[in-house]
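Worksheet for the structure shown next.
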Amino acid sequence: MTNINITNFRRDIYELLEQTIKFNEPINISTKNGNAIVLSEEDYNNLMETLYISSIPGLKEDIIEGLKEPLEDAISENEVEW
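Quick note: the sequence shown uses our numbering, first residue 7, plus one each step.
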């Protein structure tokens with residue numbers, strides 16, 4: 007994570023945002039009133055998806071159980087009924 011104060015962030019905003027987008031590297035901007043974090047849209051969307059999936063009761067346990075199943079016991083994706 008890049009740490010920068012607000013003055014330097016303002017000065018280098020274009021370059022910093024481009025790096026955040028290209029490399030998914032968050033920016034921690036410090037001000038006298040507190041800090042703010044800038045994330046790429048991709049990182050934000052991934053975080054929201056993770057929170058959504060984590061909110062579904064029992065899904066985490068189902069995923070953990072699925073990971074324990076040997077691949078040779080799994081059905082192919084062509085056999086899955088969507």
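Glycine included, each C-beta is placed from N, C-alpha and C at the ideal position.
Apart from sequence neighbours up to five positions away, the residues of its chain that approach N9 with a beta-carbon distance below 6 Å are N34, ordered along the chain. Of the other Cβ atoms in all chains shown, 16 or more fall within 10 Å of the Cβ of T26; this residue is therefore buried. A Cβ-Cβ distance of about 7 Å is found for the pair P32 and D49, placing them in contact under the 8 Å criterion. Between the stretch 41-55 and the stretch 67-75 there are fewer than three inter-stretch CB-CB distances shorter than 8 Å, so the stretches are not counted as touching. Under the DSSP assignment, G72 falls in the alpha helix (DSSP H) whose first and last residues are 65-74.
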